[in-house]
Amino acid sequence: MATATKASAGQSSGVRAGRMPERSSPAAATASAICIPAMEMGTKKAWPASPARTNSEAKRRRSTARRHSRQTAPVYLEWPRMTLLDRLVLREILVPLGVGLLAILQLLVVLQLLQLNEVVFGSAVSLADLARVTAALAPHFLVVAVPLAFMLGVQLGLGRLAADNELLALSAAGRHPLQLYRVPVAIALALAVAVAAMARWAEPWGLQLLNTVLNDVIKRNLESGLLPGVFNEHLPRFMIYVGSEEKDAARSAKWKGVLIEDDIGDGAPLLALAEEGRIEDDKGDVLSLRLSRGELHRFETKGETVARFADGTIRVGVQGDVRVRNKFASNESQLSAAQLRARIAEVEREGDTRYASRLRLEAVRRWAVPLACLAFAFLGVPLAVVARGSRGSAYLITMGAFVGFYALSRLALALAEAGFNAWAMGFLPDAVVGGLGFFYTRQLLRNGVGKAT
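With numbering that gives the first Met the number 0, letter number 416 in the sequence shown gets 415, and the count goes up by one each step, no holes.
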């Protein structure tokens with residue numbers, strides 16, 4: 000037993016040492032026979048793939064190659080993707096921007112309607128007239144309201160992030176302060192395009208429509224203010240008395256027993272009497288008094304002259320009342336670009352250099368106002384970081400920036416009328432606001448988000 004065990008152990012040790020035994024056991028022979036077919040199977044050719052599978056694999060390889068080429072492309076050729084920070088800043092700015100724009104626009108329109116209360120709140124004004132006046136005023140005030148609302152949105156949006164120390168945490172995580180400018184500058188560029196379109200096309204169209212509506216309302220107020228049984232003196236030069244009135248839905252009211260006196264004209268006093276009459280709008284700045292079956296009395300030093308007529312017309316010029324009550328009658332902003340150039344040439348031929356400079360500055364303003372959004376973007380971001388979310392400070396900063404911008408605009412107008420270059424004066428407010436923005440941006444980059452600039 001001992002000998003057999005030893006031999007067995009020696010055999011095992013020989014196998015472990017790498018020496019092959021002299022004779023193979025049946026189990027080893029069986030294992031070799033099984034291994035040979037496995038090796039032969041590995042050398043067989045693969046089964047030919049179907050065409051559909053080949054096409055899908057080729058498409059997959061091409062897509063992988065394109066994706067790899069995009070990943071290895073230079074960074075400056077890649078369109079910047081909107082990061083989580085960009086989406087956060089966009090949401091924080093857009094909400095106060097939209098609310099502020101509606102509030103500022105409503106405030107400006109209401110204040111303007113109150114200034115035009117003698118016109119728009121007369122007896123002849125309808126809701127349709129008020130709607131037309133509001134729609135015509137909207138482009139004019141949007142040119143002013145959009146930069147102001149954008150500045151307010153930047154102050155409230157970024158200020159809230161600064162108040163919650165989110166900007167400080169992002170700065171500590173390695174975010175560069177210039178990344179805060181990406182979304183405000185992008186919004187400013189979009190708003191600048193919209194403001195440029197409004198300043199060049201929508202604002203002149205709106206003010207021209209406003210003049211038409213206001214002139215029509217003023218003349219209708221004059222017409223409807225003629226009360227029967229009362230001596231009416233609100234028409235220029237004339238005193239009118241009407242015995243009775245018959246309403247006519249299709250046309251203006253028909254008068255019965257009309258007396259018209261003109262004692263402040265250029266000639267002798269004039270008195271017109273007629274059985275019937277009506278007032279009609281001849282467009283422009285003229286109202287016509289149509290009289291039927293009457294007579295005309297003219298009092299002169301030699302005596303009285305009487306003339307009878309079957310039909311007659313007395314034209315009443317209301318351009319004075321229209322011009323006084325319509326505060327937009329002589330606004331340069333209502334002129335289109337072509338009309339503005341023609342008006343400048345006409346005024347220069349007349350020798351009025353002061354008014355010509357004013358018109359030139361208006362032409363430059365239509366190019367400069369859109370850039371105010373971009374200037375407010377560079378000024379608003381560092382100021383919002385410093386303000387740290389206080390609503391009171393946001394409102395004060397916004398109003399201070401707007402008042403300063405308006406004061407610079409008035410200064411530029413005075414300097415342009417004094418003889419300075421209109422293009423330089425037109426871009427003066429943008430240059431000052433933009434310069435302040437770059438100064439505070441430099442302070443922000445030097446001190447960081449966590450320190451006051």
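Glycine is no exception: its CB is placed at the ideal position from the N, C-alpha and C atoms.
DSSP beta-bridge partners of residue i
{"i": "M238", "result": "E260"}
{"i": "N231", "result": "I239"}
{"i": "G293", "result": "A273 and F308"}
{"i": "F120", "result": "Per DSSP, none; premise fails for F120."}
{"i": "E303", "result": "F298"}
{"i": "W474", "result": "Any property of residue 474 remains undetermined from this structure, which presents the chain solely from 0 to 452."}
{"i": "V368", "result": "Per DSSP, none; premise fails for V368."}
{"i": "L167", "result": "Looking at the DSSP assignment, L167 forms no beta bridge with any residue, so it has no partner."}
{"i": "R441", "result": "In the DSSP output, where bridge partners are listed per residue, R441 has none listed."}
{"i": "L286", "result": "D280 and V315"}
Counted within 10 angstroms of its Cβ, other Cβ atoms place residue i as buried (16 or more) or exposed
{"i": "N420", "result": "exposed"}
{"i": "T312", "result": "exposed"}
{"i": "H175", "result": "exposed"}
{"i": "G434", "result": "exposed"}
{"i": "Q114", "result": "exposed"}
{"i": "D281", "result": "exposed"}
{"i": "A417", "result": "exposed"}
{"i": "L110", "result": "exposed"}
{"i": "D351", "result": "exposed"}
{"i": "F140", "result": "buried"}
{"i": "V229", "result": "exposed"}
{"i": "R59", "result": "exposed"}
{"i": "L188", "result": "exposed"}
{"i": "T300", "result": "exposed"}
{"i": "D429", "result": "buried"}
{"i": "T71", "result": "At T71 the pLDDT is 46, less than 50, meaning the model places this residue with poor confidence; the figure from the coordinates comes in the next sentence. By the 10 Å Cβ count, T71 comes out exposed."}
{"i": "T397", "result": "buried"}
{"i": "T440", "result": "buried"}
{"i": "L126", "result": "exposed"}
{"i": "V402", "result": "exposed"}
{"i": "V305", "result": "exposed"}
{"i": "A16", "result": "With a pLDDT of 41 at A16, under the threshold of 50, the predicted position of this residue should be treated as unreliable, though the coordinate-derived value follows. Exposed is the call here."}
{"i": "K246", "result": "exposed"}
{"i": "G276", "result": "buried"}
{"i": "G436", "result": "buried"}
{"i": "R307", "result": "exposed"}
{"i": "D159", "result": "This sequence places Arg at residue 159; Asp is not what is there. So R159 counts as buried."}
Whole-angstrom C-beta distance between residue j and residue i, which should lie under 8 Å
{"i": "A309", "j": "S291", "result": "7 Å"}
{"i": "L286", "j": "I278", "result": "6 Å"}
{"i": "L166", "j": "V363", "result": "37 Å between Cβ atoms; not a contact."}
{"i": "V119", "j": "V98", "result": "Not quite, the Cβ-Cβ distance comes to about 27 Å (not below 8 Å), so this is no contact."}
{"i": "L206", "j": "N116", "result": "With a Cβ gap of about 19 Å, L206 and N116 do not count as contacting."}
{"i": "G121", "j": "N214", "result": "With a Cβ gap of about 13 Å, G121 and N214 do not count as contacting."}
{"i": "A135", "j": "L208", "result": "4 Å"}
{"i": "G369", "j": "V88", "result": "Correcting the residue type first, residue 369 is Pro in the shown sequence and not Gly. Actually they do not touch by this definition, with Cβ atoms about 22 Å apart."}
{"i": "G425", "j": "S170", "result": "G425 to S170, Cβ: 38 Å. No contact."}
C-beta contact flag for residue i and residue j at 8 Å
{"i": "E202", "j": "L157", "result": "no"}
{"i": "E260", "j": "A252", "result": "no"}
{"i": "F237", "j": "A267", "result": "no"}
{"i": "L272", "j": "E294", "result": "yes"}
{"i": "A123", "j": "E222", "result": "yes"}
{"i": "V241", "j": "G256", "result": "yes"}
{"i": "L155", "j": "P227", "result": "no"}
{"i": "L453", "j": "A411", "result": "Past the edges of the chain, shown from 0 to 452, lies residue 453, and the structure says nothing about it."}
{"i": "V142", "j": "A198", "result": "yes"}
{"i": "L100", "j": "A144", "result": "yes"}
{"i": "V153", "j": "V380", "result": "yes"}
{"i": "V212", "j": "D128", "result": "yes"}
{"i": "S392", "j": "A400", "result": "no"}
{"i": "L414", "j": "V315", "result": "no"}
{"i": "N210", "j": "Q333", "result": "yes"}
- Query: So, do the segment 135-151 and the segment 364-382 have three or more beta carbon pairs nearer to each other than 8 Å?
  - Reply: Segment contact: the segment 135-151 against the segment 364-382, three or more CB-CB distances shorter than 8 Å; contact assigned.
- If we count Cβ pairs, one from each stretch, closer than 8 Å, do we get three or more for the segment 164-184 versus the segment 402-422? Contact fails: fewer than three Cβ-Cβ distances are below 8 Å.
- Touch check for the segment 354-363 and the segment 335-345: three-plus C-beta pairs under 8 Å? Contact between the segment 354-363 and the segment 335-345 is present: three or more C-beta pairs spanning the two stretches fall below 8 Å.
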